[in-house]
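*Asks:*
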Amino acid sequence: MLLNSVIFVLREVLEAALIISVLLALSQNQGLSKQWLFPAVFVGLVFAGIYASQLTVISSYFDGVGQELVNAGLHLLIYFFILLTIILLKYPKTKSWAILTMIGCVVFASVREASEIFTYLVGFISVPDLFSNVIIGSIIGAGIGLSVGVLFYYTIAYARLDVGLVFGLFLLVLIAGGMVSQAIQLLTQADLISSQGAIWDSTFLVDERSLFGQLLYALIGYESTPTLVQFVCYSVSILLAGVLTVSTFLSSTVSGKTA
Numbered sequence: 023m024l025l026n027s028v029i030f031v032l033r034e035v036l037e038a039a040l041i042i043s044v045l046l047a048l049s050q051n052q053g054l055s056k057q058w059l060f061p062a063v064f065v066g067l068v069f070a071g072i073y074a075s076q077l078t079v080i081s082s083y084f085d086g087v088g089q090e091l092v093n094a095g096l097h098l099l100i101y102f103f104i105l106l107t108i109i110l111l112k113y114p115k116t117k118s119w120a121i122l123t124m125i126g127c128v129v130f131a132s133v134r135e136a137s138e139i140f141t142y143l144v145g146f147i148s149v150p151d152l153f154s155n156v157i158i159g160s161i162i163g164a165g166i167g168l169s170v171g172v173l174f175y176y177t178i179a180y181a182r183l184d185v186g187l188v189f190g191l192f193l194l195v196l197i198a199g200g201m202v203s204q205a206i207q208l209l210t211q212a213d214l215i216s217s218q219g220a221i222w223d224s225t226f227l228v229d230e231r232s233l234f235g236q237l238l239y240a241l242i243g244y245e246s247t248p249t250l251v252q253f254v255c256y257s258v259s260i261l262l263a264g265v266l267t268v269s270t271f272l273s274s275t276v277s278g279k280t281a
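In structure tokens form, the structure reads like this:
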């Protein structure tokens, strides 16, 4: 149970930590205020608590797939707000507006991941023999996830400006694709997308349950047995975010030379 708790909480914390660390580092890289972080996380945690407390009711909606639909919607909203962030960072006059889209990303990510952790922990409160191990495992998992987030933050924030911008935007593209990939998984579970056979199995290379597999899952939505629909949607989402990112970086480079 200890190991299961470590892996579960690590995966959830990693996803939120990566999004937060990359956006916070890009804020510093672009000379934007970082004071938005704590209010955004606080609001996200509040709504995560509300969502988790109503999960039984929400799950009963839409013929029992309400939770899958809400979670898929959260992933797609994060993707949308990441695209907006990339676009707004393109022009000096709109960079300040990017703070609002960053807040949106963090709020939705906090709701999505924290609600899963809240639900998981509450489920073990009535089992005292297991609860202590669950708490210890959760603390370890959260600690690892936060440490990885801090590492990514300092790597981007204190790199040379152009290098930090490229690396930060590159990570945003990967995270954006991961959001779409996970949304497709959830919609497949809800039977809104027909189930298909896997087009490959990369478990022998990277096991999803391993530490590296969890990092890849959080960063790019890694799936060892993806379906064709999932692969196509992931590729299209990466391509769209990538095109916007290249445009933003080129505009930033031109602006820097002009200045």
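To convert a position in the sequence shown, counted from 1, into our numbering, add 22.
Positions of the beta carbon are idealized from the N, C-alpha and C atoms, including for glycine.
From the DSSP output, in three-state form, read off Arg134 for me.
*Replies:* Of the three classes helix, strand and coil, the one that applies to Arg134 here is helix, per DSSP.
*Asks:* Excluding sequence positions up to five away, which residues of its chain have a Cβ less than 7 angstroms from the Cβ of Ile215?
*Replies:* Cβ neighbours of Ile215 beyond the five flanking positions: Ile206, Leu209, Val251.
*Asks:* Are the region 191-203 and the region 69-76 touching, with three or more C-beta to C-beta distances below 8 angstroms?
*Replies:* As far as the Cβ criterion goes, the region 191-203 does not touch the region 69-76, which means the pair count is below three.
*Asks:* Note down, one range per segment and in chain order, each beta strand (DSSP E) of at least 3 residues found wholly within the region 138-218.
*Replies:* The qualifying runs do not exist here; there are none.
*Asks:* Can you find the residues in the same chain that come closer than 6 angstroms, C-beta to C-beta, to Gln211, ignoring five residues on each side of it along the sequence?
*Replies:* Excluding sequence neighbours, Gln211 sits near Glu90.
*Asks:* Contact defined as beta carbons within less than 8 angstroms: I believe Val28 pairs with Ile221. What is the distance between those atoms, to the nearest angstrom?
*Replies:* That belief does not hold up - the Cβ atoms of Val28 and Ile221 are roughly 31 angstroms apart, past 8 angstroms.
*Asks:* Specify the secondary structure class of Tyr256 as computed by DSSP and reduced to three states.
*Replies:* In the structure shown, Tyr256 sits in a helix (DSSP, three-state: H, G or I).
*Asks:* To the nearest angstrom, report how far apart Phe153 and Tyr142 are at their CA atoms.
*Replies:* Distance between the alpha carbons of Phe153 and Tyr142 is about 11 angstroms.
*Asks:* Kindly indicate which three-state DSSP category Val228 falls into: helix, strand or coil?
*Replies:* Correct three-state label for Val228: coil.
*Asks:* At the level of alpha carbons, what is the spacing between Leu241 and Ile166?
*Replies:* Taking the straight line from one Cα to the other gives about 15 angstroms.
*Asks:* Apply the 10 Å Cβ neighbour rule to Ser274 and answer buried if 16 or more other Cβ atoms are within range, or exposed otherwise.
*Replies:* Label assigned to Ser274: buried.
*Asks:* Thinking C-alpha only, which one of Phe253, Ala39, Ile157 is nearest Val144?
*Replies:* Nearest of Phe253, Ala39, Ile157 to Val144, Cα basis: Ile157.
*Asks:* What residue does the alpha helix (DSSP H) around Gln2 start on, and which one ends it?
*Replies:* Nothing can be reported for residue 2, as the shown portion of the chain is limited to 23 through 281.
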